[in-house]
Amino acid sequence: MTTVTRRNVLKSGTALMGGMAGILATGRAPAFAQGTTVHWLRWNDFVPASDQLLRKELLPAAEKALGIKINFETVNGNDLQPRITSAIQSGSGPDVIMLFNNHPQIYSESVIDLSDLTNSVSKAEGGYYDLCKSNTADGQKWIAQPWAIVGAMIAYRKSWFDEVGSPTFPDTWEKYREVGKKLKANGRPIGQTLGHTFGDAPTFSYPYMWSWGGTEIEKDGKTVNLNKKEVIESVKFMTAFWKEAHDEGGLAWDDTNNNRAFLSQTICATLNGASIYIESLRNPDKYITEKGAQLKTDIQHSPLPKGPAGQFAMHTFFSHVIPNYSKNQAGAKEFLKWIHTTANYEPWFVSQKGFATPPTREWEKHKLWDEDKVMAPFKVAGLLGQTPGYPLPSSGKKPAEVLTKYIITDMYAKAIQGGTAEDAVMWAQGELTKVYT
Amino acid sequence: MAIAETQVYLPQAPRPRLRLLEDERWLAFVLLVPTLVLLGMFIAYPFVRGILLSVSSARVGVPGDFVGLANFYKIFNDGIFRTSAYNTFVYTGVTTVFKLALGLWLAMLLNRNFRGKAFTRAFILLPFIIPTVLSTFAWKWMFDPTFSVLNWLLYHLGLITSRINWLGDPDLAMISIIIVNIWRGVPFFAISLLAGLQTISPELNEAAAIDGAKPWQRFWHVTWPLLLPVTMVVVLFSVIQTFADFQIVYVMTGGGPANATHLFATYAYQIGIGTGILSEGAAIALAMFPILFLVVIIQLLYIRRVEVR
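Chains as they are written, first to last, in this note's numbering: chain A, 1 to 437; chain B, 1001 to 1309.
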């Protein structure tokens, strides 16, 4: 039996402290399982079947083909940024990380150049859509590899819109407000989040602002001119539109609330990816309308209506980065290369049933788009979307800062909460000025 | 004259390093070293690092340059920071008053003899035992804008005719997070004060009763003064924890709607982690320090005065 002596304890304690001192001195956490394991961090997919496909089929195939082990981890979408920030600061963490929208721009100094991968995919698949480059290129190189675009369209109840005299979806904000007013009077409001959440809030508030003629920054990239008549009008309109036609709980919603509300049939329409429709397809007998029909037969999709300055869209964009700290950069790149080959990417794309649109043009020809007319509007989502920072050609660090501070979304939310439109716009102008100067 | 050589054999002396440890003073110091290292690593190092970050222009992955107090100047001119500071004071003040009142009331009840006392005491602790994030998610569902069980209950009791927008209205959202904090904090107050109550000799109360003191007089002139040192320590802990609270607000509202419920910690998190401006995030977090430091000093001085008395 080993005897525990005072001297042994002191010696062990010294060794432990020496180890800790080493960690502090190098500023890096100890790295385990280096060399052959690629740690891939993604969100919990709104189409769970796709995560199942990755776990059960695609990743085992990748492991076999590449001779590496893949540690696949999924987290809530809103937790991806905290994870990458802590990983970069501690110098250890996942080797491949999925990010939303223009978030890669925030980490441009801490991720590796993926231009070789993106160039080869672009060449093989007819080129990326413009919004991909804007979100993931920093002007000199591609800092992230585009993965997919989740088209933001309004999912709406066709029969309910018919009942209030709108057989086609309203094509202007004024008409949408009129129809929404009638629907809310029937206990079927429009559902829209204006909360701090990555997807549905900015993909509504940005295009809405653009459609009235407002932009967070002028073309010169220096002048902030938000505080103008058009934007104030847009806020006034939104405030009234919200009270007359919306579910007022939307100020506190995240990206999942509208799915639950629509599927439980408490709202008539919501800006969303196609996840609501896909869920209704997955469980046709679970979601039944008040008339006894399957809910999936009563869902249609439409782009956002037009405003005085035109019709705009912004879609939730997904890409992957490989952080500088990764000890497995080669393995991580090989993996991204493997998963982006047409044969390997296609099963994942098909499992999404159109929820995610691939980032390159070639996929517009895929037969999936002919299978279900309800999903047809999503086919060209990549062609139509703008990115935060519009009209700048690249959605760089400053637009990313504006996006992650939710300034545009909060401008509308502040006015809806009870402030004046003028005050809300002036506040947003001030916040934007702080970012851009 | 020949001198006879005498060989003297002495026991081998221990090496000086280990002999040093035979001295109790040195041994005490060596035994304290692990604690000092732990305090240094987990308290002093993060604190100093936080200060260094707050006076730099560091962003995530970019060390940045020294900028002096520019970040503090920036945040003090930031409307959201001012709202967060105001919210933090309101949140801490209101919750502490309620937690103390309800906790004391509960402790007095639990200090009596009744059947199932042990079970009740254990049951009372549940909100404190359940992981905060888990219980806060349950509350989030209860306050859900669309599916709130509270609204359902109030509606079916005929108390409301339309939904209450718990988390979508700035004032109600603030009230909601305050309710959850009180719910979670009352058991801590109750159990700690109960422990304090049990150290008070029943004979004191009995003597006061014999002298004709009424229940309220017995509480105010006998129990309360004796319970005060414990109460002050409990309040001190609670104020520190509540002032720096993060989990409840992050899960319930994320600081929304439109930044209306941000506290220091959640706003620091949004700027530092979400937007990646670590320096400003550190400055916001550090802004808490002087206030908390002052609270701690005042309360500790007060406790010392009470103890001396």
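C-beta atoms are modelled at their ideal positions from N, C-alpha and C, and glycine is treated no differently.
Along the chain, where does the beta strand (DSSP E) that runs through residue 156 of chain A open and close?
-> Residue 156 of chain A: member of the beta strand (DSSP E) spanning 153-157, first to last residue.
Which residues in the same chain have their Cβ closer than 7 Å to the Cβ of residue 1136 of chain B, if we skip the five residues on either side of it in sequence?
-> Only 1180, 1247, 1248, 1251, 1252 meet the Cβ criterion.
Return the Cβ separation of residue 326 of chain A and residue 104 of chain A in integer angstroms, given the expectation that the two are a contact with Cβ distance under 8 Å.
-> Rounded to the nearest angstrom, the Cβ distance from residue 326 of chain A to residue 104 of chain A is 15 Å, too far for a contact under 8 Å.
At which residues does the beta strand (DSSP E) containing residue 42 of chain A begin and terminate?
-> Looking at the DSSP string, the run of the beta strand (DSSP E) that includes residue 42 of chain A is 37-43.
Name the chain B residues that come within less than 9 Å of residue 149 of chain A, Cβ to Cβ?
-> The contacting residues do not exist; residue 149 of chain A stays about 22 Å from chain B at best.
Report the residues of the segment 124-140 of chain A with a CB closer than 7 Å to any CB of chain B, ordered along the chain.
-> So the list is empty, because no residue satisfies the distance condition.
The segment 359-379 of chain A contacting the segment 116-130 of chain A, beta-carbon criterion three pairs below 8 Å | Using a C-beta cut-off of 8 Å, the segment 359-379 of chain A makes contact with the segment 116-130 of chain A, since at least three inter-stretch Cβ pairs fall below that distance.
Under a CB-based cut-off of 8 Å, is residue 404 of chain A close to chain B?
-> Chain B contact via Cβ: present.
Helix, strand or coil at residue 276 of chain A according to DSSP, with G and I counted as helix = In the structure shown, residue 276 of chain A sits in a helix (DSSP, three-state: H, G or I).
Give a yes or no on whether 8 Å exceeds the smallest Cβ distance from residue 1223 of chain B to chain A.
-> No, because no Cβ of chain A sits closer than 8 Å to the Cβ of residue 1223 of chain B.
In or out: residue 45 of chain A buried (at least 16 other Cβ within 10 Å) or exposed?
-> It counts as buried.
Chain A within 8 Å of residue 1170 of chain B, Cβ atoms only = With 8 Å as the cut-off, residue 1170 of chain B counts as an interface residue toward chain A.
For residue 196 of chain A, go through chain B and note every residue whose CB falls closer than 9 Å to its CB, in chain order.
-> When 9 Å is used as the limit between beta carbons, residue 196 of chain A is near these residues of chain B: 1253, 1254, 1255, 1256, 1257, 1258, 1259, 1270, 1274, in chain order.
With a threshold of 7 Å, establish whether the CB of residue 1223 of chain B neighbours any heavy atom of the ligand MN.
-> Within the structure as shown, the ligand MN is missing, as the structure has no ligands at all.
Could you check what DSSP says for residue 1170 of chain B in three-state terms: helix, strand or coil?
-> The answer is helix: DSSP assigns residue 1170 of chain B an H, G or I state.
Chain-ordered neighbours of residue 1088 of chain B on chain A, where CB pairs are closer than 8 Å | Those do not exist, as residue 1088 of chain B stays about 18 Å from chain A at its closest Cβ, beyond 8 Å.
Mind checking if residue 1079 of chain B is an interface residue toward chain A, Cβ cutoff 8 Å exclusive?
-> Residue 1079 of chain B belongs to the set of residues whose beta carbon lies under 8 Å from a beta carbon in chain A.
Would you list the one or two residues that DSSP bridges to residue 73 of chain A?
-> Bridge partners of residue 73 of chain A: A:41.
Residues near residue 427 of chain A by beta carbon distance below 6 Å, same chain, minus five either side | The answer is none, since no qualifying residue turns up.
Would residue 301 of chain A be called buried (16 or more neighbouring beta carbons within 10 Å of its own) or exposed?
-> In this structure residue 301 of chain A is buried. Its beta-carbon is surrounded by 16 or more other beta-carbon atoms within 10 angstroms.
For residue 174 of chain A, which of A:418, A:293, A:245 has the nearest alpha-carbon?
-> Residue 174 of chain A has its Cα closest to that of A:245, out of A:418, A:293, A:245.
Which term fits residue 1156 of chain B, buried or exposed, when burial requires 16 or more other beta carbons within 10 angstroms of its beta carbon?
-> Its Cβ having fewer than 16 others within 10 Å, residue 1156 of chain B is exposed.
Every unbroken alpha helix (DSSP H) within the segment 1036-1107 of chain B, with a cutoff of 4 residues, ordered by chain | The qualifying runs are 1045-1054, 1070-1076.
Would you call the segment 328-341 of chain A and the segment 36-50 of chain A in contact, with 3 or more CB pairs under 8 Å?
-> The segment 328-341 of chain A, when compared against the segment 36-50 of chain A, does touch it at the 8 Å Cβ threshold.
Compare the C-beta of residue 212 of chain A against all C-beta atoms of chain B and say whether one is closer than 8 Å.
-> Between residue 212 of chain A and chain B, the shortest Cβ-Cβ separation is not below 8 Å.
Near-chain B residues of the segment 81-110 of chain A - C-beta to any C-beta below 7 Å = Only those residues of the segment 81-110 of chain A whose C-beta falls short of 7 Å from the nearest C-beta of chain B are listed: 81, 82, 85, 88, 89, 106, 107, 109, 110.
8 Å Cβ cutoff met for residue 377 of chain A and residue 303 of chain A | The answer is yes: Cβ separation under 8 Å.
Please name the residue, chosen from A:284, A:118, A:298, A:251, that lies closest to residue 269 of chain A on a Cα-to-Cα basis.
-> Closest option to residue 269 of chain A, Cα to Cα, is A:298.
What residues in the segment 1157-1184 of chain B bring their beta carbon closer than 9 Å to a beta carbon of chain A?
-> Answer in chain order: 1163, 1165, 1166, 1167, 1168, 1169, 1170, 1173.
With 7 Å as the limit, tell me which residues of the segment 391-425 of chain A have their beta carbon closer than that to any beta carbon of chain B; keep them in chain order.
-> Going along the segment 391-425 of chain A in chain order, one finds 401, 404, 405, 410, 413, 414, 417 with a Cβ nearer than 7 Å to chain B.
So is residue 1138 of chain B buried or exposed if we call it buried at 16+ other beta carbons inside 10 Å?
-> Under the 10 Å beta carbon count, residue 1138 of chain B is surrounded by fewer than 16 other beta carbons and is classified as exposed.
Take residue 225 of chain A and list the residues in its own chain whose beta-carbon comes closer than 7 Å to its own, dropping the five residues that flank it on each side.
-> 218.
Are any of the Cβ atoms in chain A nearer than 8 Å to that of residue 1061 of chain B?
-> The beta carbon of residue 1061 of chain B falls within 8 Å of a beta carbon belonging to chain A, placing the residue at that interface.
Between residue 250 of chain A and chain B, is there a C-beta pair that is closer than 8 Å?
-> Yes, residue 250 of chain A counts as interfacial toward chain B.
Secondary structure at residue 300 of chain A, three-state DSSP: helix, strand or coil?
-> Here residue 300 of chain A carries a strand assignment [DSSP, helix/strand/coil].
Could you check where the beta strand (DSSP E) with residue 105 of chain A kicks off and where it finishes?
-> Unbroken run through residue 105 of chain A: none, as it is neither H nor E.
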